[in-house]
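Novice: Count along the sequence shown from 1, add 11, and you get the number used in the working numbering.
Cβ atoms here follow ideal geometry from the backbone N, Cα and C, with glycine treated the same way.
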Amino acid sequence: MNYLAHLFLSGDDADLRLGNFIADSVRGAQILQYPPRVQQGIRLHRLIDSFTDTHPVVAESKNRLRPTCRKYAGVVADVFYDHFLASSFHRYSPLSLPDFASAAYAQIQQHPDLLPPRVHHFLPYMVKQNWLVSYAHISGITRALTGLSSRTSFDSGMEKAGEELELYYPYYLREFEQFFPELQAYVSQQIELIRN
Numbered sequence: 012m013n014y015l016a017h018l019f020l021s022g023d024d025a026d027l028r029l030g031n032f033i034a035d036s037v038r039g040a041q042i043l044q045y046p047p048r049v050q051q052g053i054r055l056h057r058l059i060d061s062f063t064d065t066h067p068v069v070a071e072s073k074n075r076l077r078p079t080c081r082k083y084a085g086v087v088a089d090v091f092y093d094h095f096l097a098s099s100f101h102r103y104s105p106l107s108l109p110d111f112a113s114a115a116y117a118q119i120q121q122h123p124d125l126l127p128p129r130v131h132h133f134l135p136y137m138v139k140q141n142w143l144v145s146y147a148h149i150s151g152i153t154r155a156l157t158g159l160s161s162r163t164s165f166d167s168g169m170e171k172a173g174e175e176l177e178l179y180y181p182y183y184l185r186e187f188e189q190f191f192p193e194l195q196a197y198v199s200q201q202i203e204l205i206r207n
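1. Over the uninterrupted alpha helix (DSSP H) stretch that includes PHE153, give me the two end residues.
2. From this set, LEU27, ASP124, VAL130, which residue's C-alpha is nearest ASP35's C-alpha?
3. What do you get for TYR183, buried or exposed, if any count of 16 or more other CB atoms within 10 angstroms of its CB means buried?
4. Which value, in whole angstroms, describes the spacing of the CA atoms of SER145 and GLY151?
5. Compute the distance between the beta-carbons of MET169 and LEU156, then report whether it is under 8 Å.
6. Check whether the stretch 14 to 27 touches the stretch 84 to 94, counting contact only when three or more Cβ pairs, one atom from each stretch, lie closer than 8 Å.
7. Taking only the alpha-carbon atoms, compute the straight-line gap between SER98 and LEU176 and give it to the nearest angstrom.
8. Give a yes or no on whether the C-beta atoms belonging to ARG77 and ALA70 are separated by under 8 Å.
9. Are at least three pairs of beta-carbons, each pair with one atom in the stretch 23 to 35 and one in the stretch 110 to 123, less than 8 Å apart?
10. According to DSSP, is VAL37 helix, strand or coil?
11. Please name the residue in GLU193, PHE190, ASN141, VAL87 whose C-alpha comes closest to that of GLY173.
12. Please report the straight-line C-alpha distance between LEU18 and LEU108, rounded to a whole angstrom.
13. Return the chain-ordered list of same chain residues with a C-beta closer than 7 Å to the C-beta of ASN141, the five sequence neighbours on each side being excluded.
14. Can you list, in chain order, the residues of its chain with a C-beta nearer than 8 Å to that of ALA147? Leave out the 5 residues immediately preceding and following it.
15. Give the DSSP-derived three-state secondary structure of LEU3 in the structure shown.
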């Protein structure tokens with residue numbers, strides 16, 4: 012899953028949400044530099060990624076993407092799934108997507124001392140361009156994936172993924188709708204275990 016899903020799945024816990032958000036920029040023993048609840052958010056992020064990466068429904072999405080996006084099929088599937096969450100956010104949250112995004116940005120920006128350098132670098136762009144809300148539109152997904160593609164050292168195919176999403180939209184949507192409730196249940200269980 013991508014940024015929106017990780018933030019959303021953290022619930023209302025600001026420290027858990029912060030850890031979940033920064034986790035991709037925290038390596039190995041660096042986790043020990045963070046407060047305990049932020050560490051739990053980092054671990055939750057890794058559990059979400061592991062659950063997603065090994066799920067058979069997600070494998071269907073990745074297999075369909077592999078001819079176009081090769082080793083980046085998993086990255087693209089994550090971004091596609093954020094699109095489906097964003098475009099139907101009202102089904103999952105009492106908050107509107109713009110309100111949720113504004114609150115999430117504000118929470119993250121309250122802790123500049125805890126943000127890894129990579130997050131410090133991209134966060135201003137994320138907020139200014141309102142990535143989380145832009146994910147609701149195929150144009151936003153295309154822009155995000157084209158940006159990712161420009162940072163790879165070889166032809167990734169990610170810049171063509173927007174066309175792929177349009178072409179097979181019902182298939183990816185169905186897979187997301189099968190997968191996401193299972194992920195939500197798994198994450199709720201993991202958060203309960205963290206609390207105890």
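Specialist: Based on what the coordinates show:
1. The question names Phe, but residue 153 is Thr in the sequence shown. Looking at the DSSP string, the run of the alpha helix (DSSP H) that includes THR153 is 149 to 161.
2. VAL130
3. buried
4. 5 Å
5. yes
6. yes
7. 13 Å
8. no
9. yes
10. coil
11. VAL87
12. 12 Å
13. ALA112
14. HIS94, ALA97, SER98, PHE100, LEU108
15. Nothing in the structure corresponds to residue 3, since the chain is present only between 12 and 207.
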